[in-house]
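Novice: When we follow this note's numbering, the leftmost residue of the sequence shown carries the number 2, and every step to the right adds one.
Cβ coordinates follow ideal geometry from the N, Cα and C atoms, glycine included.
Right, I'll just put the structure down here and ask away after.
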Amino acid sequence: MIQTRVMIRRSGEKVSCSNLKKTAVLLMTEAGCLLFLLYISGVQGQTNSICALKGSSVNLSCSAGDSAAEKEYKWFSVFRNGSVSYFQEVVVDGNQKKYRLSEESRLTLTINDLNKSDENIYVCCESADKDSCRKNQIQLYAEELQVKVFPSKDGQTATLMCSSSSGCPFTQNHTGFLWFKNRKFLYQDWSPWYQELVSGEEAVTYSCAVKGYEDFRAPEVSVDLVTSTCFRVTYAESSLCSSVNKQCSIMFPKEIYLQQTRLQHDHVRLTCNSRCSLTEPQASIVLFRNKKEESRTITVPLTSADTFTCAVKDMKDFHSADVCFDNSSCWTVTCAQKRICALKDSSLNIYCKYSHPHDQPPKSKLWFKKNRNINQEEQVKEKNNKVTFYESPNQHNLRFEKLSKSDSGEYVFRIERNSREWKESTFPEVTLIVTDLRVKIRPSAEVTEGQKVTLTCSTSCPLTQNSNFRWYLNHQPLKLENKHLVIDAVTSQDAGNYSCVDKTKENSMSPVKTFTVTSSPTTWKAVVGVSTIVFVSVCLTVFLWVRRKRTSAQSSRLEVTEKLEKLNPDHVYEEIPAKAADCELHYSQVNFENAIVYSTIQAHQEQEHVPYAITKFRQNSDQEMVNDVV
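Shown next, in the form of structure tokens:
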């Protein structure tokens, strides 16, 4: 069972709510139980807030003090009607499926399978003393994880954010966010902001989860269409859909504005509108007056000092600028920058515009940074030229030099009116995420030759400003300026140390990433095979050449013999008969002249008996004749 536990009191140690800020980190792990806190707030005597994931389990620990263990304390849920609070005892059912008290301590209440009906205020106190129940109350929220889609400034893409359904902020101590594309794990990062800008692709879905809580993954979304004025999102499941737990597609306008129509009697009709003219189901837009929701169209007098704005229903961080009509009494604050992604060590300006009555300038103008661990804010102050303020007409600027990751957070700008009254925007938060550059290699930093590899100059969020990247291999620049470096078939020459830098901020060089390319077994087999073929081919060539030479020589000899046969075909082999008078005498010697095959025969002595001789001619060369006598 995945559980969420808030420990305000630990055994043997008093931990007051005022010290909660110091102990927030310690609460993240206890007894091997992974803790997931979205938001904790409160000080002594005030309400603490907890945001837990819908469907999970949460453990609520009593904060009454050490004396609570000696008394009969009970858990109550608190219902408020205006200033009146009603207490109802939490009944632990017998099968312990919904509510359960810890066996080790009856002061710990476990609520299983959280849903919206469990959102309430809970308190641990004595049944006989209800006054003590007004202290240390716990506000519980059951949140769903969502992928929120926002338009980007380039007009052709959108950006994604992993967020709770109501915008309840995550703590800075979570272990990270996981992103999924087409239901396959993509990457993990500490930032809730998706790293890339996305374009309209109906077949591509995105989802996110908190590490360790993959079972509570956000429903899938797809950005189907992006135009200059609209973008369409398809949700697998969302509170924005009219039918619960069913898929729906919604068209969102990129820009919302408050349309003003002048009427008689010094009145004006206010209507929330957009420039998205597509007729598909559009997102519902609501109007707010002084941060309270109104109908979409209202009529107000021109002397109204109220502040009006428009926003997408259930997506209040997507809204128009604040508007006020009576310049003699209006106070407004508008911060155009809502989400900022900036590089580490770079400079940044965050600015907000404001208006005030002509005769009542603001007494002070301050910036605050929200603490994500507890419901507290810290005032942003100038610091060693790293953080400075400067003023321009009706605009206040917060400037950072050499940004660091610790500067990430939510910032709010306020102007001070009379009697310590502060004015801020209807939706005041400006989210800043500071990222560094990193080289990521897919599928791996060590591959074999022939594989396709993609190197990415990666950030934890899509940079707000247009950036051109420069790549380096072994500290030598490459002629590439893309965020992605794709090698279709790597070789050993592609191996080395890679780094990248934003060309607009040369001091933002990424750390070096080593890329290794190894020879694959198939490559060696191919080399051996080719070598064998070459060797056999050479041997066969030599053999054929030698054989041809021999055949050529034999052909030459045969040619000469054939010539001789043509000159005297009947006397190549010949028996020479004796004369009639000398029948006992045979030829014994043959003498040749230059142009005659044979010429003169001389007789032997009678006393010598010599049988006939057989003369055989063989050509040894074109100019030499060999006479073999047997």
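(1) Rounded to whole angstroms, what is the Cα-Cα separation between residue 100 and residue 238?
(2) With which residues is residue 497 paired in a DSSP beta bridge?
(3) Label residue 543 either buried or exposed according to how many other C-beta atoms from any shown protein chain fall within 10 Å of its C-beta, with 16 as the threshold for buried.
(4) Compute the beta-carbon to beta-carbon distance between residue 501 and residue 194, rounded to the nearest angstrom, for a pair I have assumed lies under 8 Å.
(5) If you compare alpha carbons, which of 210, 53, 141 and 404 is closest to residue 347?
(6) What residue ranges within the stretch 271-337 form continuous beta strand (DSSP E) runs of no fewer than 3 residues, ordered along the chain?
(7) Mind checking which residues open and close the beta strand (DSSP E) that includes residue 123?
(8) If you run the structure through DSSP and keep just helix, strand and coil, what is residue 30?
(9) The beta strand (DSSP E) with residue 490 in it runs from where to where?
(10) If you scan the stretch 415-487 from start to end, which runs of the beta strand (DSSP E) of 3 or more residues do you find wholly inside it?
(11) Under 8 Å, do residue 518 and residue 416 count as touching if we go by C-beta distance?
(12) For residue 313 versus residue 253, is the C-beta distance shorter than 8 Å?
(13) My parser needs the beta strand (DSSP E) runs of 3 or more residues fully inside the stretch 357-391; what are they?
(14) Where does residue 199 land, buried or exposed, given buried means 16+ other C-beta within 10 angstroms?
(15) Locate the beta strand (DSSP E) running through residue 151, then write down its first and last residues.
(16) Identify every residue that forms a DSSP beta bridge with residue 252.
(17) Kindly identify the DSSP beta-bridge partner or partners of residue 410.
(18) By Cβ distance below 7 Å, which residues in the same chain neighbour residue 231 in space, the five residues on each side in sequence not counted?
(19) Rounding to the nearest angstrom, what Cα-Cα distance links residue 266 and residue 393 in this structure?
(20) Classify residue 141 as buried or exposed, calling it buried when 16 or more other Cβ atoms lie within 10 Å of its own Cβ.
(21) Between residue 395 and residue 76, what straight-line distance do the alpha-carbon atoms span, to the nearest angstrom?
(22) For residue 300, I'd like the list of residues in its chain whose CB is within less than 8 Å of its CB, leaving aside the five on either flank, ordered along the chain.
(23) Give me, in chain order, the residues of the same chain whose beta-carbon lies closer than 8 Å to that of residue 359; leave out the 5 immediate sequence neighbours on both sides.
(24) I want to know whether the stretch 335-344 touches the stretch 422-439 - three or more CB-CB distances under 8 Å.
(25) Only counting the same chain, and skipping five residues up and downstream in sequence, which positions put a Cβ closer than 6 Å to that of residue 366?
(26) Going by other Cβ atoms of all chains shown within 10 Å of its Cβ, with 16 needed for buried, is residue 156 buried or exposed?
(27) On the three-state DSSP scale, how would you describe residue 78?
(28) Per DSSP, residue 397 is paired with what?
(29) Hey, how far is the Cα of residue 204 from the Cα of residue 167?
Specialist: With the structure as the only source:
(1) Start at 1 with the first residue of the sequence shown, and residue 100 comes out as number 99. Start at 1 with the first residue of the sequence shown, and residue 238 comes out as number 237. Cα-Cα distance, rounded: 28 Å.
(2) Position 496 of the sequence shown, counted from the start, is the residue given in the question as residue 497. Beta-bridge annotation (DSSP): residue 497 is paired with 516.
(3) Against the sequence shown, residue 543 aligns to sequence position 542. With a threshold of 16 other beta carbon atoms within 10 Å, residue 543 falls short and is exposed.
(4) Mapped onto the sequence shown, residue 501 falls at position 500. Mapped onto the sequence shown, residue 194 falls at position 193. Contact doesn't hold; Cβ gap of about 19 Å is too wide.
(5) As a working note, residue 347 is residue 346 in the sequence shown. For the residues 210, 53, 141 and 404, the minimum Cα distance to residue 347 belongs to 404.
(6) 286-290, 293-295, 298-302, 309-313, 316-320 and 333-335
(7) The residue given as residue 123 occupies position 122 in the sequence shown. 121-127 is the span of the beta strand (DSSP E), which, as asked, contains residue 123.
(8) To locate residue 30, count along the sequence shown from 1; it is residue 29. Because residue 30 sits at a pLDDT of 32, beneath the cut-off of 50, its placement in the model cannot be relied upon, and the following sentence gives the value as read from the coordinates. Of the three classes helix, strand and coil, the one that applies to residue 30 here is strand, per DSSP.
(9) Walking along the sequence shown from the start, residue 490 turns up at place 489. No residue range can be given for residue 490, since it is assigned to no beta strand (DSSP E) and is classified by DSSP as neither H nor E.
(10) 431-436, 439-443, 447-449, 454-459 and 470-474
(11) Here residue 518 is taken as the residue at index 517 of the sequence shown, counted from 1. Here residue 416 is taken as the residue at index 415 of the sequence shown, counted from 1. In this structure, residue 416 does not lie closer than 8 Å to residue 518 by Cβ.
(12) Here residue 313 refers to the residue found at position 312 when the sequence shown is read from its first residue. Here residue 253 refers to the residue found at position 252 when the sequence shown is read from its first residue. Yes; because the gap between Cβ atoms is below 8 Å, this pair is in contact.
(13) 366-372 and 377-380
(14) As a working note, residue 199 is residue 198 in the sequence shown. So residue 199 ends up on the buried side.
(15) Against the sequence shown, residue 151 aligns to sequence position 150. Here the beta strand (DSSP E) through residue 151 covers 146-152.
(16) Here residue 252 is taken as the residue at index 251 of the sequence shown, counted from 1. According to DSSP, residue 252 bridges with 233 and 283.
(17) Along the sequence shown, read from residue 1 onward, the residue named residue 410 stands at position 409. Answer is 433.
(18) Translated into positions along the sequence shown, residue 231 becomes position 230. Excluding positions up to five away in sequence, the list reads 252, 253, 254, 255, 277 and 279.
(19) As a working note, residue 266 is residue 265 in the sequence shown. As a working note, residue 393 is residue 392 in the sequence shown. If I take the Cα positions, the gap works out to 37 Å.
(20) Residue mapping note: residue 141 aligns to position 140 of the sequence shown, counting from 1. That one is buried.
(21) One-based indexing of the sequence shown puts residue 395 at position 394. One-based indexing of the sequence shown puts residue 76 at position 75. Taking the straight line from one Cα to the other gives about 52 Å.
(22) In the sequence shown, the residue the question calls residue 300 occupies position 299. 264, 268, 269, 270 and 271.
(23) Numbered from 1 along the sequence shown, position 358 holds the residue referred to as residue 359. Same-chain partners within the cutoff: 328 and 329.
(24) yes
(25) Against the sequence shown, residue 366 aligns to sequence position 365. Hits under 6 Å: 397 and 416.
(26) Translated into positions along the sequence shown, residue 156 becomes position 155. Answer is exposed; the Cβ neighbour count stays below 16.
(27) For the purposes of this step, residue 78 is identified with residue 77 of the sequence shown, where counting begins at 1. Three-state result, residue 78: strand.
(28) Walking along the sequence shown from the start, residue 397 turns up at place 396. 353 and 392, per the DSSP bridge assignment.
(29) To locate residue 204, count along the sequence shown from 1; it is residue 203. To locate residue 167, count along the sequence shown from 1; it is residue 166. Residue 204 and residue 167: Cα-Cα distance of roughly 28 Å.
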